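Written below as structure tokens is the structure these notes are about.
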Amino acid sequence: MEFSPRAMMLLLISLTPVPHAQEIPEAVLSVSPQNWMNEGDSVTLSCEVTDSSPDWTFSWYREILYRDYDGQIRYKTEPLSDSSRGSGGSYTLSPAALKHTGVYMCSAEREEQPVYTEYSHPQPLWITGESPPVSLIINPNRTQQFTDDSLSLSCEDQSDSTVWRVRLYTYSERVLDCSQWGSFIGSTCEISFLSTSYTGVYWCGSESGENSNPVNITVHGGDVILESPVHPMTEGHPLTLRCLYRYPKTSNLRADFYKDGSVLQNQTTGEMISYNVSKSDEGFYHCKHPERGESPKNWVSVRASGPSGVEAPFSVLMLISS
């Protein structure tokens, strides 16, 4: 078989190895010791690059919401004003404060064969404090909700001197304002029909950077949820847990209550009360109905009482979907 000169040239080109395009290294952000911390703790953001080359310079960013010229709430990534603090690949917040609640990212660059990474995947940081300037009010007042139910959230500030907005962080890794996922009625943010996409961390924030304590809300598509305290318990107080059903008129209210995977109590009323809680009562709780299924797991945190009955600072509240 003979080939024309053009066909031969195309054949030779197709057989010539093509060098692989140089892969751009990725920036990877981590938070230590954990994403949920107390006010006054020390938190370190660490940025690493998937490349062993030295001489990387790091930059640090935070996702913020702002109001544009036409009054709309927008989202942007803004460099931290003191980003140089993290020039060595780590950025430390000490002491952590409520204003540090937010979503962070990092990037890296080097001058030799100039390379710039893209933003890392976002990492949220949630700070809880003893005396936040505003409180997030949830109705119904629980951290697990049923799909298709309604939910209202509002910011309660005794001084009424600041404009507060309800904010949400979901698995979409974005900070969203109520106007982007709910509707404002007066000073309350309303969600008419909940779906599992509303599972996330909610808090009140101001344009000046002040925040309430964050609350993690799980929206469950099953028939059973666990009602437990929205905020951490204090030692010596009673803990009440209730197994709630999507169709509450069921004649069989029997529920098994679990702590850290082990059966704790069997109750025919669907309610469990533990008196005089202590740190040993801290753990993951859930309930199970023999016919309707089980709730998501909920972390119940217990904080120590301070001297003379003064309560210690807030501990961490987390929710894990089963």
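Counted the way mature numbering (1 follows the signal peptide of the UniProt record, and there is no 0) counts, the sequence shown spans residues -21 to -1, 1 to 301.
The beta carbon of each residue, even a glycine, is placed where N, CA and C say it ideally should be.
What you are looking at is a predicted structure, and each value in this text was computed from that prediction instead of being measured.
Among the options, the one whose alpha carbon lies nearest that of residue i
i, options, result
"Met84", "Gly249, Arg153, Asn231", "Arg153"
"Arg46", "Glu97, Pro119, Ser158, Asp139", "Ser158"
"Glu2", "Leu155, Glu186, Tyr226, Tyr95", "Tyr95"
"Ser9", "Thr56, Ser32, Thr71, Asn120", "Thr71"
"Ser99", "Cys26, Pro211, Asp139, Trp15", "Cys26"
"Thr149", "Gln137, Met212, Thr197, Gly272", "Thr197"
"Lys238", "His210, Ser257, Leu232, Val279", "Val279"
"Ser129", "Ser151, Leu115, Ser162, Glu135", "Ser162"
Cβ-Cβ distance between residue i and residue j below 9 Å
i, j, result
"His199", "Phe236", "no"
"Leu223", "Gly201", "no"
"Leu220", "Glu206", "yes"
"Ser274", "Gln123", "yes"
"Ser185", "Val113", "yes"
"Asp30", "Glu90", "no"
"Ser138", "Thr167", "no"
"Phe37", "Gly67", "yes"
"Ile170", "Trp182", "no"
"Arg233", "Pro269", "yes"
Exposure of residue i, with buried meaning 16 or more beta-carbon neighbours within 10 Å
i, result
"Ser110", "exposed"
"Ala283", "exposed"
"Tyr40", "buried"
"Pro12", "exposed"
"Gly19", "exposed"
"Asp127", "exposed"
"Glu42", "buried"
"Ser253", "buried"
"Asn231", "exposed"
"Asn277", "buried"
"Ile164", "exposed"
DSSP beta-bridge partners of residue i
i, result
"Trp160", "Trp160 is not bridged to any residue."
"Gln51", "Answer is none; Gln51 lacks a bridge partner."
"Gly19", "Answer is none; Gly19 lacks a bridge partner."
"Asp235", "Asn245, Lys267"
"Leu72", "Val22"
"Gln124", "Val198"
Query raised in the report: Is the segment 159 to 178 in contact with the segment 77 to 84, if contact means three or more CB pairs nearer than 8 Å?
Result: No: fewer than three Cβ pairs fall under 8 Å.
Query raised in the report: Does the segment 224 to 243 come close enough to the segment 164 to 175 that 3 or more CB-CB pairs lie under 8 Å?
Result: Contact between the segment 164 to 175 and the segment 224 to 243 is absent, with fewer than three C-beta pairs closer than 8 Å.
Query raised in the report: Pairing CB atoms from the segment 141 to 159 with CB atoms from the segment 43 to 62, are three or more of them under 8 Å?
Result: Contact between the segment 141 to 159 and the segment 43 to 62 is present, because at least three Cβ pairs lie under 8 Å.
Query raised in the report: Does the segment 97 to 113 come within contact of the segment 187 to 195, defined as at least 3 CB pairs closer than 8 Å?
Result: Taking a contact to require three or more Cβ pairs closer than 8 Å, the segment 97 to 113 and the segment 187 to 195 qualify as touching.
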